[in-house]
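Here is the structure we will look at, set down as structure tokens.
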Amino acid sequence: MDVVINHGDVHDPLYQECLAIRYEVLRKPLGLEIIDQEREADIDAVHVIAYVDGQVAGTVALYRERLRQMAVLDRFQGCGIGAQLVRYLETIAKERGQPELGLDARCSAIPFYEKLGYHCCSDIYEKIGILHRNMIKAL
738 MDVVINHGDV HDPLYQECLA IRYEVLRKPL GLEIIDQERE ADIDAVHVIA
788 YVDGQVAGTV ALYRERLRQM AVLDRFQGCG IGAQLVRYLE TIAKERGQPE
838 LGLDARCSAI PFYEKLGYHC CSDIYEKIGI LHRNMIKAL
């Protein structure tokens, strides 16, 4: 399995691939679309994408000091792609001098983030109809 990870901004062609993955994994199952406010927030973000054997596999984005929009296509889940994306994003955050990285984790994803060194720092709350908790990691 050949994994290649790249990053760019909203003007980079990879951004459209990131949007497609986000829609497929995060929005479509909930009957939602990617809305204009999300695209506006994307302007200031770093968008990271993973390819496996030349196929789009997953994405994540860095919005200031927050990891957001983490999505790995079903057929690539459990292969370590998500962990590679997070580590790549953490490297970018460290290079920017960020002392920590936070995220809003779906409760079902908390064990994944805990394995990567994140810990919960909030009570459970609902966001887009799904239970979440805030998590943080010192870089």
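Sequential numbering of the sequence shown, starting at 738, is according to my numbering. All C-beta atoms in this analysis are idealised placements derived from N, C-alpha and C, irrespective of residue type, glycine included.
Counted within 10 angstroms of its Cβ, other Cβ atoms place residue i as buried (16 or more) or exposed
| i | result |
| --- | --- |
| R870 | buried |
| E784 | According to the sequence displayed, residue 784 carries His and not Glu. That one is buried. |
| Q821 | buried |
| A875 | exposed |
| V789 | buried |
| R759 | buried |
| G795 | buried |
Whole-Å CB distance - residue i paired with residue j, under 8 angstroms assumed
| i | j | result |
| --- | --- | --- |
| M872 | A830 | With 8 angstroms as the limit, M872 and A830 do not qualify as a contact, their Cβ atoms being about 14 angstroms apart. |
| I771 | V747 | Actually they are not in contact, since the Cβ atoms of I771 and V747 sit about 13 angstroms apart, beyond 8 angstroms. |
| L751 | N743 | 6 angstroms |
| L763 | Q814 | Actually they are not in contact, since the Cβ atoms of L763 and Q814 sit about 13 angstroms apart, beyond 8 angstroms. |
Any C-beta of chain D under 8 angstroms from that of residue i
| i | result |
| --- | --- |
| M807 | You won't find chain D in this structure, because it holds only one protein chain. |
Inter-residue spacing [alpha-carbon to alpha-carbon] between residue i and residue j
| i | j | result |
| --- | --- | --- |
| L804 | Y855 | 11 angstroms |
| A778 | M738 | 33 angstroms |
| A749 | I786 | The sequence as given places Asp at residue 749; Ala does not occur at that position. If I take the Cα positions, the gap works out to 11 angstroms. |
| C857 | Q792 | 33 angstroms |
| E851 | D773 | 31 angstroms |
| V797 | F849 | 14 angstroms |
| Y825 | E754 | 18 angstroms |
| P766 | G834 | 36 angstroms |
| L840 | L799 | 10 angstroms |
| E837 | C844 | 21 angstroms |
| Y862 | C816 | 29 angstroms |
| I818 | V741 | 10 angstroms |
| R801 | E827 | 12 angstroms |
8 angstroms Cβ shell around residue i - same chain, five flanking residues per side excluded
| i | result |
| --- | --- |
| E761 | A808 and L810 |
Residues of its chain near residue i, where Cβ-Cβ distance is below 7 angstroms and the 5 sequence neighbours each way are ignored
| i | result |
| --- | --- |
| I867 | R843 |
| R776 | none |
What ranges does the beta strand (DSSP E) occupy inside the segment 783-863, keeping only unbroken runs of at least 3 residues that lie completely in it?
783-789, 792-800, 803-809 and 837-843
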